[in-house]
Each structure stands twice: as C-alpha cells, then as structure tokens.
Amino acid sequence: MPWKRNVLASHLGRPDGKKNKKFSLEPVAKELESVLGKPVQFLDDCVGDNTLKALKDPSDGTVVLLENLRFYAEETGSSKDENKKKVKADPEKVKEFRAKLAQLGEIYVNDAFGTAHRAHSSMMGDGYKVRAAGFLLDKELEYFAKVLHDPAKPFLAILGGAKIADKIPLITNLLNNVTAMIISGGMAFTFLKVLNGMEIGKSLFDEKGSELVNDIVCKAKEKDVNILFPIDFVIANKIDKQPDKVEHVDATQGIPGDMMGLDHGQASSEMFAGAICASQTIVWNGPPGLFENELFSKGTESMLEAVIGATNRGATTIVGGGDTATACLKFGGADKVSHVSTGGGASLELLEGKILPGVAALSDA
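So for the sequence shown, UniProt numbering puts the first residue at 1; every next one is plus one.
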C-alpha cells in the first residue's frame with residue numbers, strides 16, 4: 001500500500017539563508033515528473049502553515065517537493081549579511097525550524113550522503129521516532145564500511161589534491177589500514193622537494209604541509225606501508241588551454257624555474273598501474289593532474305583505466321571526492337568501478353575515521 005504522501009526536501013547552492021529564485025527547486029520538480037512518470041507537486045516553501053495546509057489530506061502516493069531548505073538560515077545554522085559576513089542563527093529559531101520540519105511526515109528518510117557530515121537541521125531528523133537511511137546512503141555506508149573495517153588485502157589508497165595539511169587526518173587514518181599508498185597531484189611536489197631535494201619550479205608547494213612530510217614517511221615505515229610518488233612529469237610554463245611550452249621531464253632532472261608540473265608522465269602511469277593491478281581494495285581520492293585540459297589529462301585517464309582493470313579482476317574500487325568523481329564521469333568510468341561516491345566532504349570524513357552527524361542521528365530500528 002503506498003504512503004499517503006511522499007515529501008521530498010533538499011537544498012541547492014549556497015543562498016546564504018535568504019530566498020533567491022536562482023536557487024529555487026521548481027525546475028527540479030519538473031525534471032522529477034519526467035523521471036517518475038507522475039505529477040510532482042511543488043511548494044514554494046518548506047515549512048509553515050501554508051505548507052502544512054497544502055500537505056493536508058492528499059491522495060494516495062502523492063509526491064511533493066518542498067522549496068530549498070537553505071532559504072532559511074536555521075537549516076545550516078548561519079546566514080551572511082550584506083557584507084558577506086557570517087551571522088549565526090538564533091538557537092531558539094533553529095529549534096522552532098526543526099520542530100516545523102518534524103510536522104511534515106511520520107517517518108524520516110535521509111538519502112543525502114553528500115551533506116551527512118553537516119549537522120544541519122534537515123540532517124538530524126529531530127522529532128521523528130523512525131529515522132532511516134535511504135538506498136543511496138545505505139549503499140555509501142556499506143562500501144565505506146567494507147574498506148574501513150574489513151578490506152581485502154592488498155589495500156591501496158590513491159591520493160591527489162594540492163595541500164598536505166588538508167589531508168593529514170585522511171593520510172594518518174589510512175596508514176593504519178592500507179598496504180600501499182600512491183601520492184600524486186599537487187601534493188607530490190611538496191613531498192619530492194622535502195624528501196629528495198627535487199627542483200619543482202613553479203609547481204604547487206605546501207609550506208605548512210612540508211613540515212609534516214617526514215612524520216608521514218616515518219609513520220608509513222612503522223606501518224610497513226609503501227608510498228609511491230610520480231617519477232616523471234608533464235610540465236608547462238602556465239596553466240592555460242594552450243600554454244607556450246609543454247615538456248616532459250623525469251624526477252631526476254627536476255622542473256625548471258619557469259615551469260610547473262601539471263600531470264605525471266607515462267613512466268609514472270606504468271608504475272602506478274602495477275601497484276593498482278596488484279591490489280584487491282582501492283580507494284581513490286584526488287586526480288593526479290589538471291584533467292580538464294587534454295594536455296594534462298593522460299595521467300588521470302591511465303589511472304582510471306588501471307582502476308577499471310582491477311575492478312574487472314575482482315577488486316573493490318571506490319572513487320571519492322568531487323573532482324575524482326567528475327574525472328571518472330568525463331572519461332566514461334562511472335559504471336565501470338565498484339562505487340563512485342556522491343560525497344566529497346562526507347567521504348573524506350569517513351575515511352578520516354570520523355562519525356558523520358547525519359548518520360549518527362539515524363534511529364536503531
């Protein structure tokens with residue numbers, strides 16, 4: 001028997017706690033109608049008397065989409081004033097807002113993994129006796145539980161991104177679990193400069209993170225984790241669709257002062273493919289190059305090909321993080337790996353060993 005009503009709530013963009021037509025969910029309602037093949041009623045608010053009145057006595061199976069939750073500062077707990085300065089929401093008003101959300105139905109289902117790491121009002125399900133995980137959230141948690149608590153070995157982590165300091169909790173927690181780790185992307189230049197004295201030219205260098213390099217390497221040795229870095233690079237004189245100079249160098253040559261590393265080279269791809277091929281569990285967070293530009297996309301493409309190959313041989317492969325998921329989609333790999341996570345920050349925090357507020361709020365039954 002269908003529910004009397006299915007009330008859908010979501011957010012779009014960052015309207016900073018104010019109504020903004022640019023971020024309205026009305027176009028989503030129209031698209032949802034075509035996906036579901038049935039009418040979707042759109043309401044121009046998400047709480048209040050008019051919303052409750054519109055939800056009263058619906059026909060069986062009615063689907064209702066509410067307006068953007070983030071039009072209220074009480075959803076995220078803050079807004080921004082005319083000077084773009086953050087203004088904290090009144091705690092009493094937040095409490096009232098959550099009580100109004102609790103009037104919208106009898107059972108609460110959270111399927112928003114991408115925001116489960118935020119203690120936002122809609123993530124908490126306050127006032128609902130039953131707070132359940134939706135199919136997507138359940139799938140995300142199932143895959144991350146598999147790699148965090150019972151991974152098949154060898155277990156490989158592939159990490160990209162620019163700043164080491166931002167990835168310290170992630171690296172530290174993964175070193176307790178993995179067999180090997182590939183560090184690529186902008187982060188690699190800081191490691192290579194500190195560890196090997198490699199000349200990196202204008203490549204990214206994380207000053208704060210550089211102080212942590214030796215500690216990370218020491219912990220890896222203690223845990224018997226092999227860390228792999230790129231051994232050759234595609235370099236250019238500037239980040240541009242058509243830079244004046246594009247060259248290939250290996251790590252022993254270093255990168256000239258007027259150039260920057262924007263991808264790893266073929267030799268690195270072959271070395272990384274060997275490590276990927278030998279692994280039974282792979283978590284990939286962060287592309288190795290500026291994949292949006294075809295000149296610097298080969299490293300990312302070859303890495304994805306290797307991960308797909310490992311998947312075909314039975315490995316569990318998880319692609320997480322916004323840019324990595326985008327790259328996976330761009331190069332046609334989204335349906336060829338075990339799982340592409342929908343959560344950037346949420347997947348990172350899980351891999352860091354943190355408890356997500358939106359998950360902790362779910363009821364036991």
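Glycine residues also receive a C-beta, built at the ideal position from the N, C-alpha and C atoms.
Beta-carbon proximity of residue i to residue j, cut-off 9 Å
i: L156; j: M181; result: yes
i: I216; j: L175; result: yes
i: G345; j: H120; result: no
i: L192; j: A267; result: no
i: K18; j: S79; result: yes
i: G48; j: K4; result: no
i: L148; j: I183; result: no
i: V64; j: N6; result: yes
i: G299; j: I255; result: no
i: G309; j: T115; result: no
i: L212; j: A275; result: no
i: Q280; j: P154; result: yes
i: G353; j: P169; result: yes
i: V249; j: D232; result: yes
i: K238; j: M271; result: no
i: S347; j: S338; result: no
i: L141; j: A112; result: no
i: L55; j: L43; result: yes
i: R14; j: S363; result: no
i: N226; j: L351; result: no
i: L32; j: L8; result: yes
i: S34; j: E75; result: no
i: L104; j: L159; result: no
i: N236; j: L295; result: Reading off the sequence shown, one finds Ala at residue 236, where the question assumed Asn. Closer than 9 Å, so yes.
i: A162; j: G186; result: yes
i: C46; j: L101; result: yes
i: A273; j: S297; result: no
Supposed contact pair residue j and residue i - C-beta distance, whole angstroms, cut 8 Å
i: P243; j: H264; result: Not confirmed; about 17 Å, so no contact.
i: A99; j: G127; result: 6 Å
i: G333; j: L304; result: 5 Å
i: F189; j: S210; result: Rounded, the Cβ-Cβ distance is 10 Å, inconsistent with contact.
i: K241; j: N312; result: About 34 Å; that fails the 8 Å criterion.
DSSP beta-bridge partners of residue i
i: T317; result: I282
i: M181; result: A157, I227
i: N6; result: V63
i: V130; result: I107
i: V340; result: V319
i: I216; result: BP columns for I216 are empty, so no partner.
i: I200; result: I255
i: F42; result: L65
Kindly confirm or deny that the stretch 305-320 and the stretch 284-297 touch, where touching means at least three C-beta pairs closer than 8 Å.
yes
Along the chain, which unbroken stretches of the alpha helix (DSSP H) at least 4 residues long are found entirely within the stretch 53-128?
As far as the stretch 53-128 is concerned, its whole alpha helix (DSSP H) runs of at least 4 residues are 73-76, 91-101, 121-124.
Scan the stretch 219-296 and note each continuous beta strand (DSSP E) run of 3 residues or more that stays entirely inside, going in chain order.
226-228, 232-236, 246-250, 260-264, 281-285
How do the stretch 192-203 and the stretch 162-178 stand: do at least 3 beta-carbon pairs fall below 8 Å, yes or no?
no
Please determine if the stretch 22-34 and the stretch 66-74 are in contact, where contact requires at least 3 C-beta pairs separated by less than 8 Å.
yes
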